[in-house]
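Taking it in order: structure first as structure tokens, then the write-up.
Set out below in structure tokens:
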């Protein structure tokens, strides 16, 4: 696209067009404390609505429409989902906790919950996965098996970020030691050959 000329129709706003289709130049700007605090509050509101909506749908279907067919597992899985929601949301709200001065000014906006590759991103994924599984489980209880994706993802991240590099670091150190041992063995063989 470097040598092409773009003709933008007059009815298209050029600034909107450039924001949508052209790559931004330069470095991405950093967020201020106030902006982080406001975005964190909006994020927490959004995920609390997801949690409340999923629980409302699950309760309405399983405990109002099909109350006669609800079993121990219906209640158990509801409690499981609530525990997952509580733990994830509580962790996110603790991460987003802002610090204020005595005069009310914002000292720290908390950790940015919308940061890419942050812990909050994984917590948000767990909330979304649980909500989707919980709502789909109103159709069939077998949808709860999709929740096994969360521990599978956790094991994948554990292997990719911690265990895999650790094991491969040991295996890389072993060839270096083997090379040193081979060199020592060759020297000893040469010395023995010179003696005879």
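Residue numbers (my numbering): 413 to 608.
Think of the CB as a built atom: it goes at the ideal place given N, C-alpha and C, for glycine as much as any other residue.
From which residue to which residue does the beta strand (DSSP E) around residue i run?
i           : result
residue 520 : 518-520
For the alpha helix (DSSP H) that residue i lies in, which residues bound it at each end?
i           : result
residue 456 : 445-471
residue 564 : 561-570
residue 475 : Taken as a continuous stretch (DSSP letters only), residue 475 belongs to no alpha helix (DSSP H), as it is neither H nor E.
residue 503 : 484-507
Which of helix, strand or coil does DSSP assign to residue i?
i           : result
residue 512 : strand
residue 529 : coil
residue 579 : helix
residue 541 : helix
residue 548 : helix
residue 524 : coil
Once the 5 residues before and after residue i are set aside, which same chain residues still bring their CB inside 8 Å of it?
i           : result
residue 559 : 541, 542 and 545
Based on Cα-Cα distance, which residue from the options lies nearest to residue i?
i           : options               : result
residue 519 : 509, 602, 528 and 594 : 509
residue 448 : 572, 570, 521 and 575 : 521
residue 517 : 591, 445 and 606      : 445
residue 491 : 477, 467, 478 and 505 : 467
residue 505 : 480, 479, 533 and 489 : 533
residue 547 : 478, 465 and 604      : 465
Enumerate in chain order the residues of its own chain whose CB-to-CB distance from residue i is below 7 Å, with the five nearest sequence positions on each side excluded.
i           : result
residue 536 : 459
residue 550 : 469, 470, 473 and 474
Legend entry - Contact the stretch 552-567 vs the stretch 512-519: 3+ CB pairs below 8 Å: no
Legend entry - Touching by the beta-carbon criterion (3+ pairs, under 8 Å), the stretch 451-463 and the stretch 487-504: yes
Legend entry - Stretch-stretch touch, CB-based, cutoff 8 Å, three pairs: the stretch 484-499 with the stretch 534-545: yes
Legend entry - Three or more C-beta pairs below 8 Å linking the stretch 479-494 and the stretch 564-580: no
Legend entry - Contact between the stretch 468-478 and the stretch 444-458 (3+ Cβ pairs under 8 Å): no
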